[in-house]
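Student: Heads up: the sequence shown begins at 736 in the working numbering, then just goes up one per residue. Using N, Cα and C, we set each Cβ at its ideal position, and we do this for glycine too. Model, not experiment: these values are computed from the prediction.
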Amino acid sequence: MSSAYYSTGFFRVSLALYMGCVLVEFLLWYNSAALTEPYAWVPLLASIGWGFLLVFFPSRNLQLPPFMIPLILLVSLGTVQMMLAALPHNINPRNITLPLMVIVLISSVLVVRNHITAGWAVLFFSSLLVLKWHLVLFVPTIHIAALFLVPCMIVFAAHLFKYQIEQASHRARQARILLQNAELRQAAEVGARDVAAQRVYEVRTLTEDMLHRIAYNPEPVTAEEIKQFRFTEAQLRDTIRGRYVVNQKILDAALEARRRGAKVDILDERGEQLPVSVMRAVTTAAVDMLEDASGGTITIRAFPVGDPIAVMLVHDGNSEDDEPSAVEISPTGEIDRF
């Protein structure tokens, strides 16, 4: 989870600035304690280069490529050995662990990048080199051994830093999930309200005149009005059973076909919006079939998603003289008549 944080430019720049501050402080000490020969600066420049390479090395995830780990270990040990060789013999024993400070940066970055074992190995073997150099020049004391706790505590702080990053990343991820779920629920609620409002509007448009006639006109309903009510009921049924198949052109053509004596059934087994190309083909084919019909049964049926046929239209004349005609519309909108 910390890989998302490490991949951000802000995090890498912050880590690089931290390394830069420590390296500047180390440089001031090294300039006063080390020899002035040019080769004395080689290990320092090598450490700076390797440290920043670790920070900015590109990788798909947080971890480095496997081949880099032994290479980093060897170069780190060589760097420490060169630093120790450049130090004067009269250096204060309390400063003997300062060559480890650059190595501590490398170990800390390895820990942050999930190479925990490699990070501690670099620090451990580098400490052995420094301790060996000290035992040759100075008398061993417990106080000197305690000085090695400082680099260890810094690397341990990198563990805590990595843990805090992972916790922050986890909390941020949970917050994003909760926010996305809340947005999805809100969108679903808004969508449901919009659909409900649209359905109410459609029902009112179809039935308002009929309901107003029944409610406010005390005169008996005529046979013609009953017939018109049945046409309105059929249209309302089309908008329910053929929710995503019908549009206003198909509804108007179906109404006129029913008035001419045809029976129209519209069924939607898909349950979701048709592609624009398919809906355009359905409208053209349905209007043509309904306008030509003066009787019989017309069935418009939308099939589920994944079926090789998106919509089929069939006109059965209900007589032996009239051959049924059909139109198949593919999921890509192609029309096949037979």
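Which residue or residues does DSSP assign as beta-bridge partners of residue 1036?
Tutor: According to DSSP, which records beta bridges pairwise, residue 1036 is partnered with 1002, 1047.
Student: Are residue 919 and residue 864 touching if we call contact CB-CB under 9 Å?
Tutor: Going by C-beta atoms, residue 919 is not nearer than 9 Å to residue 864.
Student: What is the DSSP secondary structure of residue 918, reduced to helix, strand or coil?
Tutor: Three-state result, residue 918: helix.
Student: Give the C-beta separation of residue 1036 and residue 1009 to the nearest angstrom, bearing in mind that I take them to be a contact with Cβ-Cβ under 8 Å.
Tutor: Not confirmed; about 12 Å, so no contact.
Student: Grab the span of the beta strand (DSSP E) containing residue 968 for me, first residue to last.
Tutor: It is not in any beta strand (DSSP E) - residue 968 instead sits in the alpha helix (DSSP H) that spans 958-976.
Student: What does the Cβ neighbour count give for residue 905, buried or exposed, with the cut at 16 atoms within 10 Å?
Tutor: It is exposed - the Cβ of residue 905 has fewer than 16 other Cβ atoms within 10 Å.
Student: Is it buried or exposed for residue 993, if we count other Cβ within 10 angstroms and need 16 for buried?
Tutor: Residue 993 should be labelled buried.
Student: Where does residue 861 land, buried or exposed, given buried means 16+ other C-beta within 10 angstroms?
Tutor: Buried, since its Cβ has 16 or more Cβ neighbours within 10 Å.
Student: Say whether the segment 795-804 touches the segment 845-852, bearing in mind that this needs 3 or more beta-carbon pairs closer than 8 Å, one atom from each stretch.
Tutor: Short answer: they touch.
Student: Suppose contacts are defined by Cβ-Cβ distances below 9 Å. Is residue 1022 in contact with residue 984 by that definition?
Tutor: Closer than 9 Å, so yes.
Student: Spatial neighbours of residue 986 within its chain, please: C-beta separation below 8 Å, excluding the five flanking residues on both sides.
Tutor: The answer, listed in chain order, is 970, 973, 974.
Student: Just to confirm the assignment, what range does the alpha helix (DSSP H) spanning residue 991 have?
Tutor: Taken as a continuous stretch (DSSP letters only), the alpha helix (DSSP H) holding residue 991 covers 983-994.
Student: Quick one: complete alpha helix (DSSP H) runs, 4+ long, within the segment 849-875?
Tutor: List check, alpha helix (DSSP H) in window: 851-872.
Student: Taking C-alpha atoms, which residue in 978, 839, 1024, 853 lies nearest to residue 1005?
Tutor: That would be 978, whose Cα lies nearest to the Cα of residue 1005.
Student: Is the separation between the beta-carbon of residue 1028 and that of residue 976 shorter than 9 Å?
Tutor: Going by C-beta atoms, residue 1028 is not nearer than 9 Å to residue 976.
Student: What residue does the alpha helix (DSSP H) around residue 1026 start on, and which one ends it?
Tutor: Looking at the DSSP string, the run of the alpha helix (DSSP H) that includes residue 1026 is 1011-1027.
Student: Whole angstroms is fine: what's the gap from residue 834's alpha carbon to residue 866's?
Tutor: Cα-Cα distance, rounded: 11 Å.
Student: Is it buried or exposed for residue 912, if we count other Cβ within 10 angstroms and need 16 for buried?
Tutor: Residue 912 should be labelled exposed.
Student: Quick check: the Cα distance between residue 1070 and residue 1025, rounded to an integer number of angstroms?
Tutor: Between residue 1070 and residue 1025, the C-alpha separation is close to 16 Å.
Student: How is residue 1072 classed by DSSP in three states: helix, strand or coil?
Tutor: Note: residue 1072 maps to strand in three-state DSSP.
Student: I need the DSSP call for residue 1063, collapsed to helix, strand or coil.
Tutor: Residue 1063: strand per DSSP, three-state reduction.
Student: Here's a check: name, in chain order, each residue in its chain whose Cβ is nearer than 6 Å to the Cβ of residue 804, leaving out the five neighbours to either side.
Tutor: So the qualifying residues of the chain are 853.
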